[in-house]
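Remarks on the structure that follows.
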Amino acid sequence: MIHFLNHLFAYCNIDYNDARYVIFGVPYDSTTSFRPGTRNGPRAIREMSYNFETYMPSYDLDLADVPFIDLGNIDNTVVPETVVTEVQEAVQGIVRDGKVPMMLGGEHSITIGAVRAVRPDCFVVCDAHLDLREEFRGTNYNHACTTRCIFNDGIKEIVIIGARSGTKEQFEFAKKLHLFTADEVRTRGMTDTLAEIKQVIKGKRVYLSIDADVIDCCLTPGLGTPEPFGLAPQDIRDLIAVVAPQAVAFDYVEVSPFDHGQTATVASQMVREFIAAHWKAQKNS
Ligand code: MN
Ligand code: MN
Numbered sequence: 002m003i004h005f006l007n008h009l010f011a012y013c014n015i016d017y018n019d020a021r022y023v024i025f026g027v028p029y030d031s032t033t034s035f036r037p038g039t040r041n042g043p044r045a046i047r048e049m050s051y052n053f054e055t056y057m058p059s060y061d062l063d064l065a066d067v068p069f070i071d072l073g074n075i076d077n078t079v080v081p082e083t084v085v086t087e088v089q090e091a092v093q094g095i096v097r098d099g100k101v102p103m104m105l106g107g108e109h110s111i112t113i114g115a116v117r118a119v120r121p122d123c124f125v126v127c128d129a130h131l132d133l134r135e136e137f138r139g140t141n142y143n144h145a146c147t148t149r150c151i152f153n154d155g156i157k158e159i160v161i162i163g164a165r166s167g168t169k170e171q172f173e174f175a176k177k178l179h180l181f182t183a184d185e186v187r188t189r190g191m192t193d194t195l196a197e198i199k200q201v202i203k204g205k206r207v208y209l210s211i212d213a214d215v216i217d218c219c220l221t222p223g224l225g226t227p228e229p230f231g232l233a234p235q236d237i238r239d240l241i242a243v244v245a246p247q248a249v250a251f252d253y254v255e256v257s258p259f260d261h262g263q264t265a266t267v268a269s270q271m272v273r274e275f276i277a278a279h280w281k282a283q284k285n286s
């Protein structure tokens, strides 16, 4: 039979019932504080996925052999509280069906809804920003409040990697959490940092959230709130290899694709890295 291409993530051509991983997008950027545009993130990430081979040499794995599906985008509203609820409902359904949700953003506030659905033991977030504001510009669901909101929801075990921006108060608050700043990661090296993170997440159900701006804005400039002095794509790839085996959900958010495709290309590859790392670990356990 002749093969038809569509606008969904490349190489996912199976039934929902058979899928182990469920990708979906949330084209939402209503509370972005600086440059808008992350509503175009999911589309761009999918578009770049057609650039890659199905075979992933580092995992000796062909993605064509892994059951994953892309449901498309949520037809979301633009009201912050409502979007969070919409995401929560979507993720609840996927988790109830015994599948691993993989969400493409969209701005970071959508993570609040997904974490509420999953109720993980531990929230691991890669982000240039602390996102620990209690409230910003009139809502607790601003993307600058994501990690704080998750803490307030009762998830006290939180690991932040790559941060380099936040108020003095936020850095003070972060002492309650496991914070690995971008500078610290650079000094210690990623291998040493990951050894410690491995101890923190040991035996726990983890939610892994990656804000695209954790990576240095000079490498991936398609960002709403760009920050220099960041991590490299390889660092995040190494982190995914360590964290994915224990992750029950994943998201990649804050891709604002007005660059030459760098940011969406990296995001797209990270989605594949997560699937490969998670699938391989499951097969070996
Ligand atoms: Mn963020
Ligand atoms: Mn950020």
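The opening position of the sequence shown corresponds to residue 2 in the working numbering, with each subsequent residue numbered one higher.
Cβ atoms here follow ideal geometry from the backbone N, Cα and C, with glycine treated the same way.
These figures come from a predicted structure and were not determined experimentally.
Scanning its chain for C-beta atoms nearer than 7 Å, with the 5 sequence neighbours on each side dropped, one finds around G163 the residues C127, D128, A129, A183, V186, V215, G231, L232, in chain order. Residues I70 of the same chain have their beta carbon placed closer than 6 Å to that of Y17, with the five preceding and five following residues left out of the count. If you draw a straight line from the Cα of G107 to the Cα of V160, it comes to about 22 Å.
Taking 8 Å as the cut-off, the Cβ atoms of A11 and P258 do not count as close. In the structure shown, N18 adopts helical secondary structure according to DSSP, grouped into three states. Around K205, the same chain offers P121, D122, C123, E158, Q247 as residues with beta carbons nearer than 8 Å, after the five sequence neighbours per side are excluded. Per DSSP, the unbroken beta strand (DSSP E) holding I70 starts and ends at 69-74. Here S210 is bridged, per DSSP, to V126, D252. Where I161 is concerned, the enclosing beta strand (DSSP E) starts and stops at 159-164.
The three-state secondary structure of M191, taken from DSSP, is helix. Contact check for E87 against T78 passes: the beta carbons are separated by less than 8 Å.
Beta bridge pairing from DSSP links F259 with no other residue. The continuous beta strand (DSSP E) containing T182 extends over residues 179-182. Setting aside the 5 residues that flank it on each side, H179 is surrounded in the same chain by V160, V201, each with a C-beta closer than 6 Å to its C-beta; the list follows chain order. For L133, there is no enclosing alpha helix (DSSP H), as DSSP marks it with neither H nor E. Around the beta carbon of N143, 16 or more other beta carbons lie within 10 angstroms, which makes this residue buried.
Comparing alpha carbon positions, the residue from V101, F181, P81 closest to T140 is P81. At a cut-off of 7 Å, the beta-carbon of E136 does not count as near ligand 1: no heavy atom of the ligand is closer than that.
It is roughly 36 Å from the alpha-carbon of T168 to the alpha-carbon of I95. Remark: C-beta atoms of K199 and V249 do not approach each other more closely than 8 Å. At a threshold of 7 Å, D260 does not count as near ligand 2, since its beta carbon sits no closer than that to any of the ligand's heavy atoms. By the criterion of a C-beta distance shorter than 7 Å, K281 is surrounded in its chain by Y60, L62, once the five residues flanking it on both sides are discounted. The set of residues with CB atoms less than 5 Å from any heavy atom of ligand 2 reads, in chain order, D128, A129, H130, D212, D214.
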